[in-house]
Every structure is written in structure tokens, then in C-alpha cells.
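I have placed the structure first, in the form of C-alpha cells, so that the comments after it can refer back to it.
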């Protein structure tokens, strides 16, 4: 399966995710409006009509939904650009001319750009969702304090469930894509770089990105903000599925789509159980850390 075809499939899945989000929110809005109209219920907040797992410490309103849709459109645009760029002759020409380019430089630039993009998105969310509206970040993003013992126990339990979910997702992905045993071309680019590159600075950058920056920023964005906002205007299960699918798609790896999707669902569930974003952050960091160290050991990079 060519890279262009893989990106086309990811583009189509991301399109379904965007359309599904819009249609789903519209359906839930209509059902809620119709219920109130028939029963003549005056309720200033949708939260009064349905069970809540995590009760927000601040009121989520339409502006938050606009911010969330803007974020989803931003990620969708990234998938669109990636797909159309891969299918142009210009991109093929650039790839041919870049064969003599130092791969470590390309890898390092990709990592830095990825981190910068997520930092920008995270900064925009913090600005629009909290500081510009007089909100405290701990109230917006679920940064609740829990005892260290509790967090460690929940995280360990979550890791056990996460690895089972990822294992099941890998089997499903292998079956659907007929990839069989993992091949080098099916691995994420970052994994290939760890396996084939001897640049220590690049490996340190990858490790820091995977273990520290990615878990912190991604969990605050997806579990801390996107999930509760979409849940506020729909249903916990719908929000969990949509945000988990979006989380999987943005990693731009077709073989890893199903494992990442199930991993994101587990992270969301344990966010609900713990009622603190610190648990999925720690779970995400541990998961990435174990995988990164394992790859470095297996490739004799340490």
C-alpha cells in the first residue's frame, strides 16, 4: 500500500470524523430542543437534563464549542494538505531531490515543527478558554489535585488496560489491512528514525517529545478540553468516540489508527474514573516512555 493511498484513507476517515461531529451535535441539539418543547421544560443548562461523569468547575458555553470546532477544522486542514501534497508531482520532485539530504536533520525539523504546532494550538486554547475569559486553568482543563498514591494506583491499572486495548487494536489493524507481521514501511516515521539513525541529539529530542511534550499537550487538548466540551453538547459516549478518533487520525499512521483509537478511549475512561487530567497524562507518558526505551534497547541505541 503506497503512502499516497494511506494518506487518502486517513483523509477520508478525518472527513467522516468532521462530518460525524457536526451531524452528531446537530442531532443531539435537535433531540434536546424537541424534548424541552414537548415537555415545556425550562432549563438554562443542558447539564441539568443528563447524567454527568465529570462535573465541570466552570460553565461550558457556545464559545467553547466554537473553539473546539476551530481546533477540529485546524487538524482536518492538516490532513487535507498532507493528502493533496502527497499526490502532486511537485511533492514527488521534492522527495527525489531530498534523497541526499541528511535524514537526521529532516527528522529533527519534523519533531520541532510538530511540537511547535501543538504548542501553538495549546496556547490558543489556554488563551481563549481560560485567561481571556477570567477562568482558572485548573477549572477549565480538569487539573484537579489528587493524592500521589491514588494517581499511581489508577495509572498502573490504566496501563494494564491500555496495553490490552492496544494489543487488540493491533490485531484488528493487522487483519483489516492484511499487513501480517509489522514491516519497516508500516512503522511510524519516528520509530524508523530511532531504529536507523545514530544521531544522539535526534534520539534525545524524540524521547523528550514522546515522553514529556506529547503526553502533556495532547492530553490537555483532547481529554482536558475537546472531550468535556463536546460532551457538554452531546453525550459522553459520542464525545469519547469522536475525540478518540480525532486523536488517532492526527498521528497520520494508518497501521496505528486502531491501536491509538482504543488507547484514546482507555485514556478517556480513566480520565472519567480519576476525575483528573493528570492520570491520562501520566498514562500517556508511561506508554510512550516504555515504547521508546524498548525500541532503543532492541536497536542497541542505548
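Residue numbers (this note's numbering): 1 to 302.
Cβ atoms here follow ideal geometry from the backbone N, Cα and C, with glycine treated the same way.
Computed from a predicted structure; not experimentally measured.
Taking 8 Å as the threshold, find out whether the stretch 258 to 275 comes into contact with the stretch 198 to 208 through three or more Cβ pairs. no
Spatially closest choice to residue 268 from 227, 260, 295, by CA coordinates: It is 227.
Would residue 79 and residue 173 be called neighbours here (beta carbons separated by less than 8 Å)? The answer is no: Cβ separation not under 8 Å.
Same chain, Cβ closer than 7 Å to residue 251, neighbours up to 5 away in sequence not counted: Result list for residue 251: 260, in chain order.
Applying the criterion that 16 or more other CB atoms from any shown protein chain within 10 Å of the CB defines a buried residue, is residue 19 buried or exposed? exposed
I believe residue 162 touches residue 263 by the beta-carbon criterion, under 8 Å. Please report the beta-carbon distance rounded to the nearest angstrom. 6 Å
Residues near residue 245 by beta carbon distance below 7 Å, same chain, minus five either side: 17, 261
CA-to-CA distance, residue 36 to residue 204, given in whole angstroms: 56 Å
In whole angstroms, what is the alpha-carbon distance linking residue 292 and residue 6? 24 Å
Looking only at C-alpha atoms, which of 24, 166, 117, 282 sits nearest to residue 154? 282
Which same chain residues end up closer than 8 Å to residue 159 when comparing Cβ atoms and leaving out the 5 residues on each side of it in sequence? 283, 286, 287
Which of the three DSSP states, helix, strand or coil, is assigned to residue 252? coil
Could you check where the alpha helix (DSSP H) with residue 214 kicks off and where it finishes? 214 to 221
Which residue wins for smallest C-alpha separation from residue 213, given the options 117, 240, 151? 117
Which residue's Cα is closest to the Cα of residue 120: 289, 257, 71, 83? 71
Which first and last residues belong to the alpha helix (DSSP H) in which residue 16 is found? For residue 16, the uninterrupted alpha helix (DSSP H) segment begins and ends at 3 to 39.
Take the Cβ of residue 33 as the centre, count every other Cβ of all protein chains shown within 10 Å, and call the residue buried at 16 or more, exposed below. exposed
On the three-state DSSP scale, how would you describe residue 153? The answer is helix: DSSP assigns residue 153 an H, G or I state.
Comparing C-alpha positions only, which one of 295, 2, 278 sits nearest to residue 206? 295
Coil, strand or helix - residue 247 by DSSP: helix
Give the C-beta separation of residue 230 and residue 124 to the nearest angstrom, bearing in mind that I take them to be a contact with Cβ-Cβ under 8 Å. The Cβ separation is near 17 Å, so there is no contact.
Sequence-distant residues of its chain with Cβ nearer than 8 Å to residue 24 (five each side left out): Answer for residue 24: 234, 238, 242, listed in chain order.
If I'm right that residue 249 touches residue 81 with Cβ under 8 Å, what's the distance once you round it to whole angstroms? Between residue 81 and residue 249 the Cβ distance is about 14 Å, and since that is not below 8 Å, they are no contact.
Could you pull out every residue in the same chain whose Cβ sits closer than 6 Å to the Cβ of residue 266, ignoring the five residues on either side in sequence? 161, 162, 165
Let me make sure I understand the geometry here. Which of 216, 279, 298, 21 has the alpha-carbon closest to that of residue 152? It is 279 whose Cα lies nearest to the Cα of residue 152.
Report the three-state DSSP secondary structure of residue 235 (helix, strand or coil). coil
N-terminal and C-terminal residue of the alpha helix (DSSP H) that residue 201 is part of: Residue range 200 to 208 is occupied by the alpha helix (DSSP H) that includes residue 201.
Within 10 angstroms of its Cβ, does residue 21 collect 16 or more other Cβ (buried), or is it exposed? buried
Would you say residue 247 and residue 222 are within 8 Å of each other, going by their C-beta atoms? yes
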